[in-house]
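Participant:
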Amino acid sequence: MSRIKYIQKLLESKEISCVELTKKYLSKIEEENKAINAYVNVTKEDALKAAETVDEKINKGEKLQPLEGIPMSLKDNISTKDIETTCCSKMLKDYIPIYDATVWDILKKQNSILLGKTNMDEFAMGSSCETSYFGATLNPHNKQHVAGGSSGGAAASVAGGMAAFGLGTDTGGSIRQPASFCGVVGFKPTYGTVSRYGVVAYASSLDQVGPITASVEDAAIVYDSISLYDKKDSTSLGSKFTTHDKLDKSIKGIKIGVVKEFFEGIQDDIRKPVEESIKIYEELGAEIVYIDMPLLKVFLPVYYITSSAEAASNMGRYDGIRYGYRTDSYNNISEMICKTRSEAFGKEVKRRIMLGNYVLSSECYEAYYKKAQNLRGAIIRDFKRIFEKCDVILTPTAPTTAYTLGEASKDPIKTYLMDICTVPANIAGLPAISVPCGLDSNKMPVGMQLMGNNFEDYKVLNIAYQYEKNTKNQTDGITLWQEVEI
Ligand code: GLN
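With the numbering used here, letter number 142 in the sequence shown gets 142, and the count goes up by one each step, no holes.
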């Protein structure tokens with residue numbers, strides 16, 4: 001069931017006013033957030049002011065726009081005018097943008113209710129939300145476990161009933177993996193369909209904004225609102241098709257691609273629910289086709305070389321001169337820059353900058369960066385071949401469920417390896433969604449991923465929706481969404 005539609009129905013029928021609704025969400029945040037740490041900044045006054053505007057419209061009998069009056073959250077790397085945008089880094093602590101990111105501009109114009117900014121791995125580098133300068137986000141299903149990352153705060157805000165939906169960003173899985181860890185839906189759209197203007201860059205050729213929601217239908221509703229062409233983003237294309245109106249289409253005869261390697265070496269209690277979802281698709285009339293992916297072994301090196309190289313270049317703007325943190329004492333400019341960066345970047349960000357500069361250095365450029373770009377081209381071509389044989393590819397979203405706090409920092413390389421299922425969609429710019437499909441033996445959520453061809457976001461959402469609709473009983477227990485009582 002769409003949480004967004006449900007809320008709007010209550011607002012339009014005046015069963016609850018938008019101010020009352022917003023207050024309920026705010027008190028839920030007050031109760032839960034101390035423990036979960038999903039929000040790093042709660043924008044109470046702005047939220048209530050926006051809610052008043054919505055109530056005025058309702059009282060005048062005006063029709064609401066699709067996301068009007070819906071309480072939501074934004075990841076803290078999405079610029080919000082006059083509201084701190086920190087990327088959860090000491091470097092940008094207290095930084096207040098003077099303009100809005102396009103995605104927020106769109107939602108603001110719709111009078112969506114911004115409840116606050118959500119926690120994330122520092123500059124979106126990480127998979128557990130533990131590299132945040134403001135401390136980790138905990139998983140609402142079990143507070144001993146991480147929420148995933150980097151958009152861990154966004155996923156926990158939705159899973160914990162502290163927002164009806166959230167916007168996150170996904171460079172190598174940062175929307176889908178936390179969504180799967182928290183038992184909610186996370187959708188990474190086709191690269192270029194959602195504007196990146198005003199979204200703090202990590203790896204510009206891979207970054208994409210997308211929704212984290214309680215249902216597939218909600219993901220489609222949010223995506224349709226935010227996927228507009230934006231002349232301020234040179235890679236913006238906008239979407240060719242709307243999606244929410246195609247969810248009901250029958251999926252009889254569609255072809256679902258399965259790659260055996262994605263199912264190897266993962267725990268039984270993760271593999272089983274995902275394999276179960278394949279059976280459900282067969283029952284719904286889909287045909288399963290087995291796909292070979294010869295380039296699978298280069299996905300991770302291509303991703304980590306490309307993303308670190310772009311990160312090293314993007315992080316160059318933090319020099320203590322233009323904005324953000326500056327060290328207290330220094331004798332000359334190079335010492336100032338060096339001390340500023342040493343003091344204000346966390347360990348993981350420094351590791352990526354070093355790795356990125358290494359692969360871009362004149363001695364290594366050919367062997368690493370250039371090779372990675374050539375392979376990226378080959379991967380993109382290979383996906384073209386694959387999508388001639390199937391409509392979507394089904395995989396687990398991640399080889400693990402939410403692990404316990406502290407585990408990721410013990411072995412960072414091991415956590416890089418866990419991105420194997422999510423990075424291909426970013427390398428090739430493809431749309432991909434994570435949908436809850438079961439629980440593991442510790443009762444932690446398991447996510448199934450569907451990846452589609454470029455600009456076939458509507459197809460990915462349609463196929464995901466049909467699964468969700470036909471497995472209501474299985475998935476209902478996974479999504480916590482102990483909704484604020486209305
Ligand atoms: N875990 C991946 C990384 O650290 C993906 C992060 C992301 O998508 N922002 O690069």
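Quick reminder that beta carbons are idealized off the backbone N, C-alpha and C, glycines included. Computed from a prediction, not measured in an experiment: that's the story for all the values here.
Which same chain residues, not among the five before or five after Ala51, have their C-beta less than 6 Å away from its C-beta?
Facilitator: Result list for Ala51: Cys18, Val19, Thr22, Ile113, in chain order.
Participant: Using a 10 Å radius around the Cβ and a threshold of 16 neighbouring Cβ atoms, would you call Asp411 buried or exposed?
Facilitator: By the 10 Å Cβ count, Asp411 comes out exposed.
Participant: Please determine if the stretch 143-155 and the stretch 28-40 are in contact, where contact requires at least 3 C-beta pairs separated by less than 8 Å.
Facilitator: Verdict: yes, contact present.
Participant: Report the rounded CA-to-CA distance for Pro250 versus Glu283, giving the unit in angstroms.
Facilitator: According to the sequence displayed, residue 250 carries Ser and not Pro. Answer to the nearest angstrom: the Cα atoms are 12 Å apart.
Participant: Got a sec? Which residues, its chain only, sit under 8 Å from Ile386 by beta carbon, not counting five neighbours each side?
Facilitator: These residues qualify, in order along the chain: Gly257, Ile291, Met293, Ile393.
Participant: Straight-line CA distance for Thr479 to Thr169?
Facilitator: The predicted model places Thr479 with a pLDDT of 46, which falls under 50 and marks its position as unreliable, so this point remains unresolved.
Participant: So Asp170 is in the beta strand (DSSP E); what residue range does that whole segment cover?
Facilitator: It spans 165-170 - the beta strand (DSSP E) in which Asp170 sits, taken as one unbroken run.
Participant: What residue range does the alpha helix (DSSP H) around Asn59 cover?
Facilitator: Element bounds for Asn59: 44-59.
Participant: Could you check if Glu524 is buried or exposed, using at least 16 other CB atoms within 10 Å of its CB as the buried criterion?
Facilitator: In the structure displayed, the chain extends from 1 to 486; residue 524 sits before or after that span and is not available.
Participant: Would DSSP call Glu287 helix, strand or coil?
Facilitator: If DSSP states are grouped into helix, strand and coil, Glu287 belongs with the strands.
Participant: Val185 lies in the beta strand (DSSP E); which residues open and close that run?
Facilitator: That run of the beta strand (DSSP E) goes 185-188.
Participant: Considering only residues of the stretch 236-302, which uninterrupted alpha helix (DSSP H) runs meet the minimum length of 4 residues and lie entirely inside it, listed in chain order?
Facilitator: Here the runs fully enclosed are 268-283.
Participant: Is there a C-beta anywhere in chain B that falls below 7 Å from the one on Glu122?
Facilitator: The structure shown contains no chain B; it holds only a single protein chain.
Participant: Which same chain residues end up closer than 6 Å to Met315 when comparing Cβ atoms and leaving out the 5 residues on each side of it in sequence?
Facilitator: Cβ neighbours of Met315 beyond the five flanking positions: Ile353.
Participant: Would you kindly work out how many angstroms separate the C-alpha atoms of Arg176 and Lys93, rounded to a whole number?
Facilitator: The alpha-carbon atoms of Arg176 and Lys93 are separated by roughly 26 Å.
Participant: Count the other C-beta atoms from every protein chain shown that fall within 10 angstroms of the C-beta of Gly172, then say buried if there are 16 or more, exposed otherwise.
Facilitator: When all chains shown are included, Gly172 counts as buried.
Participant: Ends of the beta strand (DSSP E) at Gly438?
Facilitator: Counting along the chain, the beta strand (DSSP E) containing Gly438 begins and ends at 432-439.
Participant: Please state whether DSSP places Pro140 in a helix, a strand or coil.
Facilitator: Three-state result, Pro140: coil.
Participant: Does the stretch 57-76 come close enough to the stretch 160-167 that 3 or more CB-CB pairs lie under 8 Å?
Facilitator: With a cut-off of 8 Å, the stretch 57-76 and the stretch 160-167 count as touching, because enough Cβ pairs lie within range.
Participant: Under DSSP, the alpha helix (DSSP H) around Ser27 begins and ends at which residues?
Facilitator: 18-36 is the extent of the alpha helix (DSSP H) around Ser27.
Participant: Where Lys472 and Asn454 are concerned, what is the direct C-alpha to C-alpha distance, given to the nearest angstrom?
Facilitator: The straight-line gap from Cα to Cα measures roughly 28 Å.
Participant: Tell me where the beta strand (DSSP E) around Met448 begins and ends.
Facilitator: Element bounds for Met448: 445-452.
Participant: For a test of the three-state rule: what should DSSP assign to Tyr6, helix, strand or coil?
Facilitator: The answer is helix: DSSP assigns Tyr6 an H, G or I state.
Participant: Assuming contact is defined by CB atoms lying nearer than 7 Å, are Ala201 and Ser434 in contact in what I supplied?
Facilitator: Taking 7 Å as the Cβ cut-off, Ala201 and Ser434 do not qualify as a contacting pair.
Participant: Does the Cβ of Thr400 lie closer than 6 Å to at least one heavy atom of ligand 1?
Facilitator: No, since every heavy atom of ligand 1 falls outside the 6 Å radius drawn around the Cβ of Thr400.
Participant: Counting pairs of beta carbons, one from the stretch 310-329 and one from the stretch 270-282, are three or more of them closer than 8 Å?
Facilitator: Result no; under three Cβ-Cβ pairs closer than 8 Å.
Participant: Measure the alpha-carbon distance for His141 versus Thr404 and round it to whole angstroms.
Facilitator: Cα-Cα distance, rounded: 12 Å.
Participant: Where in the stretch 99-143 do unbroken runs of the beta strand (DSSP E), each at least 3 residues long, occur, reported from the N-terminal end onward?
Facilitator: List check, beta strand (DSSP E) in window: 113-118.
Participant: Could you tell me whether the Cβ atoms of Val216 and Ala464 are closer together than 7 Å?
Facilitator: Yes, the Cβ-Cβ distance between Val216 and Ala464 is below 7 Å.
Participant: My output table needs one value for Tyr323: the three-state DSSP class, helix, strand or coil.
Facilitator: Coil.
Participant: Does DSSP put Lys75 in a helix, in a strand, or in coil?
Facilitator: Strand, per DSSP.
Participant: Tell me whether Gly148 counts as near ligand 1, meaning its Cβ is closer than 6 Å to at least one heavy atom of that ligand.
Facilitator: Outside the cutoff, so no.
Participant: The alpha helix (DSSP H) spanning Val392 covers which residue range?
Facilitator: No alpha helix (DSSP H) contains Val392, which is instead part of the beta strand (DSSP E) from 392-396.
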